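Numbering-wise, full-length UniProt numbering puts 206 at position 206 of the sequence shown, and it's gapless, one number per residue.
Every residue gets a Cβ at the ideal spot worked out from N, C-alpha and C, and that includes glycine.
From a predicted model like this one, the values you see are computed outputs, not experimental measurements.
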Amino acid sequence: MTKNGRQNKIYLLDVTNRDGVQTSRICLSKLQKTMINILLNKMGVAQSEFGFPVTRHEVNYLNANLELAAMGVISPLRLSGWLRATKEDVTTTFRNVPGIKSLNLSISTSDQMIMNKFKGKLDHVSVIREMTEATRLARELGAETIGVNAEDASRTRIEYLIEFSLAAKAAGADRIRYCDTLGCDTPFSIYERIHKLAEAVQLPMEIHCHNDLGMVVANSVAGAKAAVDAGVDTYINTCVNGMGERAGNADLVSCILAIRYGADMAGAYALDEKIDLKKAWKICKYASYAFGVSIPINQPGIGANAFAHESGIHADGALKDRRNYELYDFEELGRGEPEIIDTGRQITAGEYSGIKGFRNVYDKMEIVFHDDAEAARVLELVRYANVHNQKPLVEDELRFVAEYPEVARKIFTMTP
Ligand SMILES: [Zn+2]
Numbered sequence: 001m002t003k004n005g006r007q008n009k010i011y012l013l014d015v016t017n018r019d020g021v022q023t024s025r026i027c028l029s030k031l032q033k034t035m036i037n038i039l040l041n042k043m044g045v046a047q048s049e050f051g052f053p054v055t056r057h058e059v060n061y062l063n064a065n066l067e068l069a070a071m072g073v074i075s076p077l078r079l080s081g082w083l084r085a086t087k088e089d090v091t092t093t094f095r096n097v098p099g100i101k102s103l104n105l106s107i108s109t110s111d112q113m114i115m116n117k118f119k120g121k122l123d124h125v126s127v128i129r130e131m132t133e134a135t136r137l138a139r140e141l142g143a144e145t146i147g148v149n150a151e152d153a154s155r156t157r158i159e160y161l162i163e164f165s166l167a168a169k170a171a172g173a174d175r176i177r178y179c180d181t182l183g184c185d186t187p188f189s190i191y192e193r194i195h196k197l198a199e200a201v202q203l204p205m206e207i208h209c210h211n212d213l214g215m216v217v218a219n220s221v222a223g224a225k226a227a228v229d230a231g232v233d234t235y236i237n238t239c240v241n242g243m244g245e246r247a248g249n250a251d252l253v254s255c256i257l258a259i260r261y262g263a264d265m266a267g268a269y270a271l272d273e274k275i276d277l278k279k280a281w282k283i284c285k286y287a288s289y290a291f292g293v294s295i296p297i298n299q300p301g302i303g304a305n306a307f308a309h310e311s312g313i314h315a316d317g318a319l320k321d322r323r324n325y326e327l328y329d330f331e332e333l334g335r336g337e338p339e340i341i342d343t344g345r346q347i348t349a350g351e352y353s354g355i356k357g358f359r360n361v362y363d364k365m366e367i368v369f370h371d372d373a374e375a376a377r378v379l380e381l382v383r384y385a386n387v388h389n390q391k392p393l394v395e396d397e398l399r400f401v402a403e404y405p406e407v408a409r410k411i412f413t414m415t416p
């Protein structure tokens with residue numbers, strides 16, 4: 001309970017469009033990133049770290065997504081940018097993306113990184129100075145929500161981490177992001193550290209974990225529990241299908257399941273009530289297609305085997321009563337609906353499509369154009385969308401281009 005009697009909550013802050021896309025060997029197009037934001041919004045996730053406002057090729061996409069937010073298409077999902085905690089990055093951010101309201105400012109705090117990454121350019125005192133100056137400037141330039149990220153927090157001396165976080169709070173930060181950048185925490189160590197930090201700082205804690213030791217979801221849930229136990233709200237950083245640098249970030253769906261069904265978590269800790277797990281199947285399938293990374297057969301909740309039973313005793317038990325061998329229901333994850341696959345003639349819309357085939361594709365989706373001119377305009381954009389994605393568009397993408405052609409045009413536009 002908070003001091004005002006409200007129960008502290010666990011929110012989700014998805015970083016697929018930031019940590020997910022900065023992962024080696026995989027990427028998303030700007031249209032695919034937009035679709036992820038739309039799907040996260042439908043799923044009731046609180047915030048999407050939607051990209052890098054300092055990186056030039058992101059700028060049109062970021063501005064276009066903020067337009068979608070203003071139109072109510074992506075709302076109430078909060079769209080936030082990631083940048084380094086420097087005044088230059090803050091200035092560039094507001095020059096490139098003037099309408100941005102939420103930021104996370106990042107700087108390293110461990111002895112290891114201060115000594116061996118900054119190599120004399122910054123020390124413990126100047127790290128705090130850079131961060132507080134950047135935080136104040138971000139507020140001055142219009143940021144409404146500021147998270148300050150302690151990179152490598154898990155290897156940072158706790159006294160320094162508290163000093164750093166109190167300075168961030170004094171400079172106007174709304175949250176502290178505890179980054180287990182190398183994934184070295186265990187559920188026990190992260191619980192103890194976040195409890196100390198949250199108790200001392202009394203700001204909402206973001207929990208950002210990596211899976212290098214295979215404990216990412218356990219660590220994220222333990223960190224969130226510690227924050228709530230210390231009397232603050234918390235935001236678990238997730239990625240769809242556990243994408244993310246190296247061994248990945250915390251899988252979005254697994255975190256929700258762990259909070260809802262984990263022993264001693266269920267009922268005792270409040271997950272953001274806006275979360276609609278029924279959308280899980282769709283977003284996981286879409287992200288898998290967009291990234292070109294298949295879903296492991298044993299992925300919690302979503303894998304092909306998550307509700308499959310074969311051995312005699314298990315199959316018999318599950319058929320008698322699903323609770324014998326299933327912790328939660330497949331319907332809750334949006335599974336169980338038949339999926340129709342067309343096995344006859346198919347007309348697809350691609351980068352070299354003509355108007356007849358294109359209209360056939362949209363007719364099937366029951367989308368009607370006012371006149372030929374409108375159809376021709378959308379066809380031209382769909383060609384670009386195909387060039388942009390380099391793979392067949394899914395129905396939701398085709399619908400998006402037809403519904404928001406001018407926003408789509410902006411998303412596809414990149415001028416090096
Ligand atoms: Zn990360």
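Option in the options with minimal Cα separation from residue i
i           : options               : result
residue 165 : 304, 131 and 263      : 131
residue 301 : 275, 270, 254 and 78  : 254
residue 170 : 248, 135 and 160      : 135
residue 42  : 69, 30 and 248        : 69
residue 333 : 67, 290 and 277       : 277
residue 67  : 7, 363, 38 and 199    : 38
residue 226 : 125, 390 and 186      : 186
residue 176 : 233, 377, 126 and 125 : 233
residue 78  : 117, 54 and 145       : 145
residue 351 : 382, 340 and 118      : 382
residue 30  : 393, 398 and 389      : 389
residue 407 : 60, 50 and 36         : 60
residue 48  : 35, 409, 57 and 399   : 35
Distance between residue j and residue i (C-alpha atoms, nearest Å)
i           : j           : result
residue 149 : residue 83  : 10 Å
residue 138 : residue 102 : 9 Å
residue 415 : residue 193 : 45 Å
residue 214 : residue 344 : 44 Å
residue 366 : residue 395 : 11 Å
residue 198 : residue 230 : 6 Å
residue 417 : residue 201 : Nothing about residue 417 can be read from this structure; the chain reaches only from 1 to 416.
residue 88  : residue 126 : 15 Å
residue 141 : residue 319 : 60 Å
residue 412 : residue 143 : 27 Å
residue 238 : residue 24  : 18 Å
residue 284 : residue 240 : 6 Å
residue 217 : residue 191 : 13 Å
residue 312 : residue 327 : 19 Å
residue 357 : residue 349 : 7 Å
residue 52  : residue 15  : 11 Å
residue 46  : residue 267 : 20 Å
Boundaries of the beta strand (DSSP E) in which residue i is found, first to last residue
i           : result
residue 9   : 9–14
residue 151 : 145–151
residue 175 : 175–180
residue 239 : 234–239
residue 207 : 205–209
residue 50  : 47–51
residue 104 : 102–108
Contacting residues, own chain, Cβ-Cβ under 7 Å from residue i (five flanking each side not counted)
i           : result
residue 220 : 207, 209, 236, 250 and 255
residue 156 : 109, 110 and 150
residue 259 : 10, 221, 265, 269 and 271
residue 384 : 412
Sequence-distant residues of the same chain with beta carbon closer than 6 Å to residue i, five excluded per side
i           : result
residue 27  : 21
residue 32  : 290
residue 419 : Limits of the chain in this structure are 1 at one end and 416 at the other, which puts residue 419 out of reach.
Endpoints, the alpha helix (DSSP H) within which residue i is located
i           : result
residue 113 : 111–116
residue 360 : 355–364
residue 380 : 372–389
residue 126 : 124–140
residue 274 : Note, residue 274: premise wrong, no alpha helix (DSSP H); not H, not E.
residue 158 : 158–170
residue 301 : Here residue 301 belongs to no alpha helix (DSSP H), and DSSP marks it neither H nor E.
residue 405 : 405–412
residue 291 : 280–291
residue 335 : Per DSSP, residue 335 belongs to no alpha helix (DSSP H) and is neither H nor E.
residue 212 : Here residue 212 belongs to no alpha helix (DSSP H), and DSSP marks it neither H nor E.
residue 464 : Residue numbering for the chain in the displayed model covers 1 to 416; residue 464 lies beyond these limits and cannot be assessed.
residue 90  : 87–96
Own chain partners of residue i with C-beta closer than 8 Å, once the 5 adjacent residues on each side are dropped
i           : result
residue 152 : 108, 109, 110, 112, 113, 179, 181 and 182
residue 262 : 221
residue 9   : 228, 233, 234, 270, 271 and 272
residue 167 : 128, 131 and 132
residue 298 : 305 and 306
residue 376 : 355
One or two residues paired with residue i in a DSSP bridge
i           : result
residue 78  : 47
residue 251 : 239
residue 200 : Answer by DSSP bridge pairing: none, since residue 200 is not bridged.
residue 28  : DSSP output for residue 28 lists no bridge partner at all.
residue 56  : BP columns for residue 56 are empty, so no partner.
7 Å Cβ cutoff, residue i in contact with chain D
i          : result
residue 85 : As a matter of chain content, chain D is missing from the structure shown, which is built from one protein chain.
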